[in-house]
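Protein chains in written order, with my numbering: chain A, 1 to 519; chain B, 1001 to 1519. Built from N, CA and C at the ideal position, the CB exists for glycine as well.
As structure tokens, then:
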């Protein structure tokens, strides 16, 4: 029998029906209550015409209802289409139209965009109001729907059945729908679970669930049968309040969020000692940040994950050991770890052949968690998914022990005077300057070099540095051609929902009337 | 892409080619060397005509060669048929004929049986001599074959592809071939890995690999990428010598074997402190044995697994916590734990409906590790595998927290005067008598009661107890109708390859000229 995500709910119900399943917005419910709502919600959706394989949209901040919707959709064998809450109405409508989503759940925060979404949408038939405020006249009320519906049985979707369509790339062109199977979700969760650290009893969802990175914790905490605590979105103060009040044991953040917590003026007034395990991703953690974090929370085990939507989540992990004083001597901290239990990773050249260790190429990965493909995009599938291997578009090399060192997102590489400049390398050099709090390096047009290296920096409070001084600092650390030609100071960097720096936003003004190569 | 067992070898090769893969009979080889031999052996088998889906037999004690054969068979997408080394030539030939095994690997220990096996076999075309002695004239030499063959590429079998046919039930009638897929093997391994305890670097195979319980450690240690140490078969002294000399960290035993180690006169002269994790199975561990083991090896984490061949291994685990001083207060030590990450378990009545908690019924399990079915036995499949649920034949109840308490193998239950007597309950009572070292309770024919409760006991050294005294002891603990009507003293109990007491051998003489009901 193939296995799907709902199996974890059946098990939790059998082993701990009275354990708290979700804590959100002041509400708490047990697994027995949660499962009852899931069965009814599935019944309600079936009456609304949702069948196995259909796509169901959800446009919402994190909440307990979000998890009910996901599980009820799986209960029917349908697929979730979790919408990026930062997208414009046009982008949202595009994604719903693209994969023919007919039913949408929307929370209060996103009601203002709904008129425009509906005007642009050709496929949405019904919208269900997931919020706590009054239900708009043209929507169905979630609470009523659940209360009145008849519960239905789980159809037991699993294996290669479609579980989700996650849209990606919205800010750099037409979004692409990544089709993920139940095997994909299970595989991604098992990659984490097989590392050998149990998931603790209380997991905090602070990263947005509409990203697969944020959704990972949903699967593994259901499999572990523990409690889900949900923040609507990441906020450093709320994060600390919640860890303290709910005695949170596990979470997933990105280094930018970790920094915000440690930098928060109220940091020292909170007790975060319950936190024992944290997965982080999107980038390696800097030595400086790790030092601060280890000093502040010595009980915390840290693990880095690397992955992407097309891989259903993470396929490599850098286990806690490499973050400890002893393990750091191994020099793997800037790596993204090694292939996890159900994944294979290789570094390939343009023809898909493996390159020697130490040589930079593109990361390709295969295994249980590889996507089924892009929704309705055979050309993108042919390019990205070759013989079961997902080609990531990320540049990296592998060392002799299989550790993967990401040098750059291919699209973030600067090609200047025919030389490849990996922005991450330049950023590392800039960050070593004591005045710099954060930075991003992008390629901007240059008549002479094609692209030239441009640095956008954020200064630490009360610090200054001149352009010339910063460039000179870099010349002391990296080759001349890699050093910034220009420096721009800002008060903050634009961040994506997943907490990544949105380099495209930094690049766009410079490239407005030109076309940039795409790797 | 579906995942198969060979993926773990590719990963180990990428991450630790110079790590020792196998240690056996004085030989050590690295993962690079092991993989080279696997590729060549697969090439050799292909030249001998083995194709995807074919069955390849192996009749051998545990060895590094055993692992090479398994992995090379998987490399070709073929299926292993690991023969029970305790079977007669007739039983062996039956199993080879049954699933049309054409190629067989045999070690020195089993050469004497080969003439008879060949005489009985209709399907065996070639036999490969796996041993270290001289190669018989009518066999192919393993070493030569590997040395001369051209390496071939992995066909990447996985998912629902057939990986193995394990024969079961040979001592109670015609053996049945249990068809196991790669998903099954992976699922069983992941059930262990997802518990949250990493597999340590050095794993000792002491239980026979031809049993799926013994084979489990093969999969999970390959996934973990660590070292396999192999004993030809279990021997308490060799076990201790090997743990000490190789600094073994992990193993799997059955309680009978644990007892033999602790009882061994040389026990105190060995340093077993490297041993940190042990899975045990076949039965719960007694309080007395656990006390002794915890006192002797306080660093050791113990985990009980429950499963069967038809479930590709274990589907429930009792984690280490319940074996600790604190955890034992939960009263779960006599349970077989709870459903693991990729399994579901329910207790059902004769119609397959779930019974209330606390009510005894039959254990049924579904999930990633359920067998594909019995080879060529549609009637057995219809009885055992219903809607994806494997019906185990084991009687158990489940408590409110999902812990499974096995009361008896259905076939071991004694039906006396219309009352069900669970042999395990009677055995527990008998074992509380200070003179008893081991015991087994079986049903023997009774004119009056249909069956009557019969106890076979082994006394501790220099102890005696009369039949009347032992029956009186039981009456103080359990209901009259459950107490033995007769007691037989022996010097030892017959054990199976997996270390289970062979009750059928105790029953047989009594039932020789009668037919006993089969549950």
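Please report whether the beta-carbon of residue i lies at a distance below 8 angstroms from any beta-carbon of chain B.
i: residue 197 (chain A); result: yes
i: residue 182 (chain A); result: no
i: residue 262 (chain A); result: no
i: residue 20 (chain A); result: no
i: residue 223 (chain A); result: yes
i: residue 368 (chain A); result: yes
Among the candidates the options, whose CA atom is the shortest distance from the CA of residue i?
i: residue 202 (chain A); options: A:196, A:194, A:214 and A:222; result: A:222
i: residue 1403 (chain B); options: A:15, A:7, A:5 and A:4; result: A:15
i: residue 340 (chain A); options: A:360, A:322, A:361 and A:315; result: A:315
i: residue 1130 (chain B); options: B:1064, B:1122, B:1380 and B:1459; result: B:1064
i: residue 1251 (chain B); options: B:1274, B:1485 and B:1265; result: B:1274
i: residue 9 (chain A); options: B:1441, B:1494, B:1342 and B:1388; result: B:1342
i: residue 1285 (chain B); options: B:1258, B:1350 and B:1338; result: B:1258
i: residue 219 (chain A); options: A:318, A:7 and A:91; result: A:7
i: residue 1503 (chain B); options: B:1464, B:1456, B:1481 and B:1466; result: B:1456
i: residue 1144 (chain B); options: B:1045, B:1178 and B:1204; result: B:1045
i: residue 1469 (chain B); options: B:1336, B:1211 and B:1486; result: B:1486
i: residue 1255 (chain B); options: B:1136, B:1128, B:1114 and B:1290; result: B:1290
i: residue 1019 (chain B); options: B:1393, B:1134, B:1147 and B:1224; result: B:1224
i: residue 135 (chain A); options: A:122, A:75, A:109 and A:267; result: A:109
i: residue 199 (chain A); options: A:127, A:149, A:358 and A:303; result: A:303
Does any CB atom of chain A fall closer than 8 angstroms to the CB of residue i?
i: residue 1039 (chain B); result: no
i: residue 1501 (chain B); result: no
i: residue 1004 (chain B); result: no
i: residue 1010 (chain B); result: yes
i: residue 1511 (chain B); result: no
Assign residue i to one of three DSSP states: helix, strand, or coil.
i: residue 389 (chain A); result: strand
i: residue 1450 (chain B); result: strand
i: residue 1358 (chain B); result: coil
i: residue 1482 (chain B); result: helix
i: residue 1502 (chain B); result: coil
i: residue 1353 (chain B); result: coil
i: residue 1271 (chain B); result: coil
i: residue 1365 (chain B); result: strand
i: residue 433 (chain A); result: coil
i: residue 1264 (chain B); result: coil
i: residue 472 (chain A); result: helix
i: residue 371 (chain A); result: coil
i: residue 416 (chain A); result: strand
i: residue 438 (chain A); result: strand
Strictly below 9 angstroms CB to CB, what residues from chain B border residue i?
i: residue 342 (chain A); result: 1003, 1007, 1186, 1190 and 1223
i: residue 15 (chain A); result: 1338, 1339, 1401, 1402 and 1403
Under 9 angstroms between beta-carbons, which chain A residues line up against residue i? List them in chain order, please.
i: residue 1193 (chain B); result: 190, 193, 194, 195, 196 and 341
Would you check if the region 31-49 of chain A and the region 1362-1374 of chain B touch, i.e. whether three or more CB-CB distances between them fall below 8 angstroms? no
Three or more C-beta pairs under 8 angstroms: does that hold for the region 472-487 of chain A against the region 415-429 of chain A? yes
For the pair the region 1078-1090 of chain B and the region 1107-1121 of chain B, tell me if three or more CB-CB distances fall below 8 angstroms. yes
May I ask you to verify whether the region 376-390 of chain A touches the region 180-194 of chain A, counting CB pairs closer than 8 angstroms and requiring at least 3? no
When you compare the region 1149-1165 of chain B with the region 1069-1080 of chain B, are there three or more beta-carbon pairs, one atom per stretch, that lie closer than 8 angstroms? yes
Check whether the region 388-403 of chain A and the region 344-358 of chain A touch, using three or more Cβ-Cβ pairs below 8 angstroms as the test. yes
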